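One structure is given here, and the rest of the page talks about it.
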Amino acid sequence: MTRFKKVFWIGTGLAVLGALGAFLVVNELKTSRLQSALWRDFSAGATFSVDSGPSNAIRFPQTGPYDERMGYHDLPRFIEQLGPHGFTITRQARMSPRLIELQEHGLFTPYREKNQAGLTVRDCRNTALLHTRVPQRAYERFEEVPPLLVSSLLFVEDRHLLDAEPPQRNPALDPERFAKAALEHGLRVFSPSQSATGGSTLATQIEKYRHSPHGRTGSVREKLRQMASASVRAYQDGDDTLARRRQIVVDYLDTVPLAARPGMGEVHGMGDGLWAWYGRDFREVNRLLADQAEGAAPTPDALRRQAQAFKQALSLMIAQRRPSQHLLGDGASLGRLTNSYLRLMAEAGVISPTLRDAALPLPLHLRPELPPTARPDFVQRKATSALRTHISTLLDVPRAYDLERLDLEAETSLDGEAQALAAQVLAGLRTPAAAKAAGLYGPHLLDSGADPSPLVYSFTLFERGPQGSLLRVQADSIDQPFDVNQGARLDLGSTAKLRTLVSYLELVAELHGRWAGLGTAQLTALAPSPRDPLGVWARQHLLRAKDKRLAPMLEAAMDRKYSANPGEAFFTGGGLHQFENFERSRNNEFITVREGFKHSINLVFIRLMRDVVRHRMFGGESDAEQLLKDPADPRRRELLVRFADREGSAFLMRFYRKYQRLPAADAQALLLRGVRPSAPRLASVLFTVEPEADEARLEELLTQKLGRAYDSSPRELRALRTTYANLSLADRGYVARVHPLELWLVGYLQKHPGATLTDVLNASTSERQEVYAWLFKTRHKSAQDTRLRELIEIDAFAQIHRSWQRLGYPFESLTPSYASAIGASGDRPAALAELMGIIASDGMRQPVQRVGSLHFARDTPYETRLEPRNASAEQVLPAEVAATVRQALVQVVQDGTARRLKGVLVDANGRALEVGGKTGTGDHRYGHTGGGRKSAERKISRSATFAFTIGDRYFGTIMAYVHEPHAARYKFTSALPTQLLKSLGPQLLPVLERSGCGGGGD
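See below:
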C-alpha cells in the first residue's frame, strides 16, 4: 500500500472517530444520558436509617458553614460533653456503606437537606415552649415561588436549569458556562490579568456556601468536589431531575447568604433578606409579584408597588455575589447594577417593558438599621429562658445566638400549662384586686391599703419521678431576665433552721453509728468533752435506752429542750451577739427542738447551733481540748500564725477600701486627722509612712500639726528620729494609737499608687505576722486561747458548710456565726427545693431532670437522640434522718407556723394531701453595731419563704420578696407565701394531675 493510501485511511479513520466523538459529546450535552447513568449508579444505595442505641456507621461533616451552624460538625463534641451529665445515645442514624464511601472519598454527604432549622424546646406534653427557625421566612414548595421570581433568578444565575429537555439534565453542569469558564481560565495561563468567570450553577453554589470551607471555592479541586457532590445529590431520586431542579430553586431562594446585620446576625434567604435590608413583608412581596405574573393590567399605584418589590428582590439576587460590598454600603452601586439587569431582562423578554420602565426610576433605599425588638414578657418566658440557659450549659454553647441555630429539639420536664398559670397568677399579684382575691391582706400579711406592686414572688415546683426529680414549674414575677429562684443570695430567714435541724440529726446519726454497738461498760468508759453537750447527751441516751435503734434516738433528740431566753449574749463569729424571738411570749420557756422547729423559735436554734458547733470543735476525733490546755503544743503556733494572717488580711481589706482611691497627700492627711497630735505620735506616723524622711521633714510636720513654730533643737529632732524610726511596726502603731497595718498600708500605697488589693496582701505577709508578734508569747495564753477558739470555731463551721453543700447549699462560704441557724448565711429558693427533694426521697438525692431528651439533626444522616440514663441516685442522708425531718415538716403545717395550709390541698378524689414545710422570714438590714445596740439602719430587703412537700409527689419553694427603697414599708412574714400557696395550689393541682406529662411517683 502506498504511503498516500495509508495516510488517507488513517486520516479517514481519525475523522470518523472524531466525528463519532463529537456526535457523542454533542448528544451527551443534549441528553445527559451518560451522566445520569453514571451518577445514578454512583448514588445508588447512599441511604441512612435510624435505630436504637449508638451507631458505628455514622460519619460527621468536617467543615462548612451550614454544618457548623446546624451543629452537625460539633455533634461528637456535644455527645462527649453530655456524657458526664448522664446522657447516653438512645437512637442514632446508620449510614449505608455507599453513603460512608461517598463521604470518605471527599464528597459532601448527599441527603435532602433542611432549609430551615433551629432550637425547639418542648414541655412534658410535647407542646412547643420555644420554636426558633433560621431563616424565619421561607418557601415550603416550588409552587409558592412567584414565576417572575423564578425566571429572574434563572436569567441571573442559571438560565437552563429548568429546561424541560432533557429530563435527565445534570443541574451541576451548564455546558456553555462551564466551557466558557474553562476557556477563560486557560487564557489566564498566558495573561494573568485576564478575568475569568466561575461557571457555577445554582446547584454548585449551594454546595459551596453550605459545605465548602468558609463557604468559598478555594481551588479547582474544591470546584470539582462541589460539582460531583451536586451531581450525586441530583440523581438520588432517579434519572428525571426536574423535581430536584425545582427544589434547587427553592433551596437557593431560602438559604442564599446575604451578609449580616447587627441585632439579627447572618441573613439567609430571600425572605429574611427582604425584611432585613428593605423592611419588606415577605408575604406582601410574594403577593405583589404573583399579581404581576397573572397578566392583568395593574393600576399605576399597583404597578409602582409591584415594580418596587421586584426591583428589591432582583437587587438581592445580584447582591449575593458580593453581599458585604453591596449591602453594607450606601446601595448606589447596587442600584446601578440592578438597573442594568432590568434593561437586559426586558430585552430578553423576561420582564415586560412596562415593568422595566416602572422599576428603573425607583431608588433602592437600604434600611439603615433594624427596628427595636419588642420587649419580651420575661415573666411568661422565665422558665423557658432558664431551660435554654441549662441546655447552653450542658452543650457548652455560651451564646444564645449559636444555640438557637442548632438543629435541635429538647424535650423537657416543664409543664407548660402549669407554668403559664403560675406565671399569670404571680404577675397578676401586682394589683390590689388580685392580691386581695388571693387573701394576701391581713395580720402578718400585707397591711390594709399596702401597695402590692413592689413585691416579687417566686415559685418552684418539682415532681418526683422514676428517673429523678422533674422540674414542673419555675416562675417568678420579675419582668427582667434575672431569675430570683437561682440567681441571688437571699436572706431566707428561718428556712435555715431546716438545714440546722438536718445537721443536728446527722450528728446524732453519726454518734449512734459510732456508739450504738458498744456495751454498757464501754459506753460508761467513754468520756466526751464537757464542752460537747451533744456527745454527753448521746452517751447518756444510749446508756439508758432500751431500744437503741436510730429512729428512737432521733425522736429523743427532737425532744431535747433548750431555753428560749434572749437575755444571754453569745460570743460567736469573733464578736458578742444577742438574738430575739419573733414570739416573745415564749421567751421564758424551755422548749423541745420539735416545738422550736414547729413554731420557729430563734433562741432554741441559736443554742442548738451552738451545740452542733461545739461538737464539731470538741467532739468526735477532735483534740481541740488538749490543744487549748497545753501551752507547749506546737500546733498552737501554727494556728496563731494562721490567725494573724487571717485577721491582718481582714484589717488590710478594710483599710484598702478606705484609702485606695486617694492621692498620696490626701491619704496621709486622712490618716493624720485621726491622730491626736503630739511629737512622738507624729514621728511614729511619719517614719512609717515615709521611712526616708529626715529631720527637716519631721520639723515641717510637727510645725504644721502642732499649730505653732515647733521650738526644738536639731539634737531633739535627731533624738525623735532615732527613737521612733527604729521602733517595730507594732510599737509605732501603739505610740500613734493607730492600727500598725493602717500605717503600713498608707506608706505602701504612697510608693505603689496603682497597687491592687492582691498586691497589698502579697506584699504584707511578714508585716501581718510582725504586728501580732506579741500574741506568740506564752505569757499571753488567755489571749491566745481566745484567738484559738475563734479559729477552731471557724474550722467547725467549715465542716458544717461541707455538710450543707453536700445537701445542695449553693454558696462557697458560710458565715461562721450561730446566726447562720436563723438565716445569716443566705440561701436560694432553688437550693432549698433541692433539700426538700432529698427529704421527700428518704434521703436520696435524685438527679434533677430538666431536660428529658436532646434530639439532634432529625431526619438527617447525623440524627442522634440522647437521654439522661446514667445519672444515679445517691444516698446523702440516712433514711431515718429524712423520715424524722419530714415528720417535723408535717407538724409545721398541722400545728405550727404554716397551719393555714392544713387540709387545704386535695387530690383528684377529694382526699386531703399531707403537706409539710418550713417557713422563714428574712429581714436584711444594714447598720447594726456590737452588743445588740443599733445605729441608724437601712432596710435592704425583706423576704418570706415557704419550702414545702405536697403528698408523695411534689415539693418546692414559694417566696415573697421586696427590696429597698420599698422594703421598709412592709412587715409581712412567712404567712404571706403560705397564704399564696393556699390560693395557688388548688388551681395548679388539677392541671398537674391532668394526663399528658409522664407521671411521677415511685
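All you need for this note's numbering is the position in the sequence shown, starting with 1, plus 19. By construction, the Cβ of each residue, glycine as well, lies at the ideal position given by its N, Cα and C atoms. Computed from a prediction, not measured in an experiment: that's the story for all the values here.
Could you spell out where the alpha helix (DSSP H) holding residue 778 opens and where it closes? Within the sequence shown, the letter at position 759 stands for residue 778. First-last of the alpha helix (DSSP H) with residue 778: 776-782.
Could you compute how far the alpha carbon of residue 383 sits from the alpha carbon of residue 478? Residue 383 sits at position 364 when you count from the first residue of the sequence shown. Residue 478 sits at position 459 when you count from the first residue of the sequence shown. Spanning the two alpha carbons is a distance of roughly 52 Å.
Cβ contact (3+ pairs, closer than 8 Å) linking the stretch 920-929 and the stretch 482-497: With a cut-off of 8 Å, the stretch 482-497 and the stretch 920-929 do not count as touching, because too few Cβ pairs lie within range.
Grab me the residues of residue 439's own chain with a C-beta within less than 8 Å of its C-beta, minus the 5 sequence neighbours each way, in chain order. Mapped onto the sequence shown, residue 439 falls at position 420. 399, listed in sequence order.
Using the Cα positions of residue 308 and residue 328, report the straight-line distance between them to the nearest angstrom. In the sequence shown, residue 308 corresponds to position 289, counting from 1. In the sequence shown, residue 328 corresponds to position 309, counting from 1. If you take the alpha carbons of residue 308 and residue 328, they lie about 7 Å apart.
Just verifying my parser: in three-state terms, what is the DSSP assignment at residue 830? To locate residue 830, count along the sequence shown from 1; it is residue 811. Three-state DSSP puts residue 830 in coil, outside helix and strand.
When DSSP labels each residue in this structure, what does residue 623 get in the three-state scheme? Here residue 623 refers to the residue found at position 604 when the sequence shown is read from its first residue. Of the three classes helix, strand and coil, the one that applies to residue 623 here is helix, per DSSP.
From residue 990 to residue 463, what distance separates their C-alpha atoms? As a working note, residue 990 is residue 971 in the sequence shown. As a working note, residue 463 is residue 444 in the sequence shown. One C-alpha to the other measures close to 7 Å.
Tell me, please, which residues DSSP counts as bridged to residue 70. In the sequence shown, the residue the question calls residue 70 occupies position 51. Per DSSP, 111.
Which residue spans inside the stretch 706-767 form an unbroken beta strand (DSSP E) run of at least 3? Counting whole runs of 3 or more residues, the stretch 706-767 contains no beta strand (DSSP E) stretch at all.
Return the chain-ordered list of same chain residues with a C-beta closer than 8 Å to the C-beta of residue 125, the five sequence neighbours on each side being excluded. Within the sequence shown, numbered from 1, the residue matching residue 125 stands at position 106. Non-local beta-carbon contacts of residue 125 in its own chain, meaning distances under 8 Å to residues more than five positions away in sequence, involve 244 in chain order.
Give me the DSSP bridge partner(s) of residue 863. For the purposes of this step, residue 863 is taken as the residue at position 844 of the sequence shown. According to DSSP, residue 863 bridges with 894.
Can you look up residue 401 in the DSSP assignment and give me helix, strand or coil? Along the sequence shown, read from residue 1 onward, the residue named residue 401 stands at position 382. Residue 401: helix per DSSP, three-state reduction.
C-beta neighbour in chain C for residue 550, strict 7 Å: Absent here is chain C; the protein component of the structure consists of one chain.
Beta-carbon within less than 8 Å of residue 1012's beta-carbon, same chain only, minus the 5 sequence neighbours each way: which residues are those? Your numbering for residue 1012 matches position 993 in the sequence shown. In its chain, beyond the 5 residues on either side, 926 and 927 have a beta carbon closer than 8 Å to the beta carbon of residue 1012.
Could you check the C-alpha separation between residue 742 and residue 698 for me, to the nearest Å? The residue labelled residue 742 in the question sits at position 723 within the sequence shown. The residue labelled residue 698 in the question sits at position 679 within the sequence shown. Spanning the two alpha carbons is a distance of roughly 12 Å.
Among 800, 976 and 569, which has the Cα closest to the Cα of residue 504? Here residue 504 refers to the residue found at position 485 when the sequence shown is read from its first residue. The option with the nearest alpha carbon to residue 504 is 976.
What does residue 974 pair with, by DSSP beta-bridge criteria? Walking along the sequence shown from the start, residue 974 turns up at place 955. According to DSSP, residue 974 shares a beta bridge with 481 and 968.
Any contact of the stretch 757-764 with the stretch 784-792, i.e. 3+ C-beta pairs under 8 Å? Yes, the stretch 757-764 is in contact with the stretch 784-792.
By the three-class DSSP mapping on this structure, what secondary structure does residue 149 have? Counted from its first residue, the sequence shown places residue 149 at position 130. Per DSSP, reduced to three states, the secondary structure at residue 149 is strand.
Compute the beta-carbon to beta-carbon distance between residue 963 and residue 979, rounded to the nearest angstrom, for a pair I have assumed lies under 8 Å. In the sequence shown, residue 963 corresponds to position 944, counting from 1. In the sequence shown, residue 979 corresponds to position 960, counting from 1. The beta carbons of residue 963 and residue 979 sit about 5 Å from each other, so the pair counts as a contact at 8 Å.
How many angstroms separate the CA atom of residue 936 from the CA atom of residue 561? Sequence index remark: in the sequence shown, residue 936 carries index 917 (1-based). Sequence index remark: in the sequence shown, residue 561 carries index 542 (1-based). For residue 936 and residue 561, the distance between alpha carbons rounds to 31 Å.
Am I right that residue 631 and residue 526 are in contact with their C-beta atoms under 8 Å? What's the rounded C-beta distance? Indexing the sequence shown from 1 puts residue 631 at position 612. Indexing the sequence shown from 1 puts residue 526 at position 507. About 6 Å separates the Cβ atoms of residue 631 and residue 526, confirming a contact at the 8 Å cut-off.
When DSSP builds the beta bridges, which residues end up paired with residue 886? For this step, residue 886 is matched to residue 867 along the sequence shown. Residue 886 is bridged by DSSP to 107.
Any idea if residue 319 is buried or exposed, counting beta-carbon neighbours within 10 angstroms, 16 or more meaning buried? Here residue 319 refers to the residue found at position 300 when the sequence shown is read from its first residue. Only exposed fits residue 319, as fewer than 16 other CB atoms lie within 10 angstroms of its CB.
For residue 42, the three-state DSSP class (helix, strand or coil): As a first step, residue 42 must be located in the sequence shown, where it is residue number 23. Legend: pLDDT at residue 42 = 44, less than 50; position of this residue unreliable, value from coordinates given subsequently. Assignment of residue 42 by DSSP, reduced to helix, strand and coil, places it in the helix class.
Of the residues 889, 151, 157 and 907, the one placed nearest residue 427, counting alpha carbons only: The residue given as residue 427 occupies position 408 in the sequence shown. Ranked by Cα distance from residue 427, the options 889, 151, 157 and 907 are led by 151.
For the beta strand (DSSP E) containing residue 874, name the first residue and the last one. As a first step, residue 874 must be located in the sequence shown, where it is residue number 855. Annotation for residue 874: the continuous beta strand (DSSP E) segment containing it runs 870-875.
What is the DSSP secondary structure of residue 565, counted as helix, strand or coil? Translated into the one-based positions of the sequence shown, residue 565 becomes position 546. Residue 565: coil per DSSP, three-state reduction.
Cβ-based burial, residue 711 [other Cβ within 10 Å; buried from 16]: Sequence index remark: in the sequence shown, residue 711 carries index 692 (1-based). With fewer than 16 other Cβ atoms within 10 Å, it is exposed.
Bridge partners of residue 513, per DSSP? Along the sequence shown, one-based indexing puts residue 513 at 494. BP columns for residue 513 are empty, so no partner.
Does the Cβ of residue 422 have 16 or more other Cβ atoms within 10 Å, making it buried, or fewer, making it exposed? On the sequence shown, position 403 is the one that residue 422 refers to. Burial state of residue 422 is buried, judged by a 10 Å Cβ sphere holding 16 or more other Cβ atoms.
Cutting at 8 Å between CB atoms, please list the residues of its own chain near residue 543, excluding the five before and the five after it. The sequence position of residue 543 within the sequence shown is 524, counting from 1. Excluding its 5 nearest sequence neighbours in each direction, residue 543 has C-beta neighbours in its own chain below 8 Å: 562, listed in chain order.
Collapsed DSSP secondary structure at residue 942 in the structure displayed: Locating residue 942 in the sequence shown gives position 923, where the first residue counts as 1. Correct three-state label for residue 942: strand.
Please state whether the Cβ-Cβ distance between residue 54 and residue 145 is less than 7 Å. The sequence position of residue 54 within the sequence shown is 35, counting from 1. The sequence position of residue 145 within the sequence shown is 126, counting from 1. No, these two residues do not count as a Cβ contact at 7 Å.
Spatial neighbours of residue 662 within its chain, please: C-beta separation below 8 Å, excluding the five flanking residues on both sides. Taking the first residue of the sequence shown as 1, we reach residue 662 at position 643. So the qualifying residues of the chain are 791, 794, 806, 807, 809 and 810.
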